[in-house]
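For reference, the structure discussed in these notes is given below.
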């Protein structure tokens with residue numbers, strides 16, 4: 001049996017992980033919605049849409065590329081991401 005303090009800590013951590021996962025899913029949805037209307041998206045624009053910092057946004061965009069959802073075009077700061085569809 002867990003003490004109240006341990007339970008509260010665990011419950012908070014689980015809620016944080018769930019919220020983080022939901023935020024990442026929402027970010028992917030926002031990026032895909034943007035790409036329905038525009039040919040490509042930059043890391044900077046994705047940051048504005050999602051409210052994430054540069055590294056968080058890079059992680060999301062990179063995961064979407066690994067999953068075959070996006071295709072990077074260019075390298076470094078000038079990289080634009082296009083929908084594979």
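Numbering (full-length UniProt numbering), first residue to last: 1 to 85. Note that the Cβ used here is the ideal one computed from N, Cα and C, for glycine as well.
{"Item": "Pull up the distance between the alpha-carbon of residue 46 and that of residue 40, whole angstroms please.", "Value": "10 angstroms"}
{"Item": "Might you give, ordered along the chain, the residues of its own chain that have their beta carbon closer than 6 angstroms to the beta carbon of residue 42, omitting 5 neighbours on each side?", "Value": "80"}
{"Item": "Starting from residue 82, trace the alpha helix (DSSP H) both ways and give me its first and last residue.", "Value": "Not the alpha helix (DSSP H): residue 82 falls in the beta strand (DSSP E), residues 80-83."}
{"Item": "Could you spell out the range, first to last residue, of the alpha helix (DSSP H) harbouring residue 55?", "Value": "54-66"}
{"Item": "Compute every distance between the C-beta of residue 26 and the non-hydrogen atoms of the ligand HEM, then say whether any falls below 6 angstroms.", "Value": "Annotation note on the ligand HEM: not contained in the displayed structure, which lists no ligands."}
{"Item": "So for residue 69, helix, strand or coil by DSSP?", "Value": "coil"}
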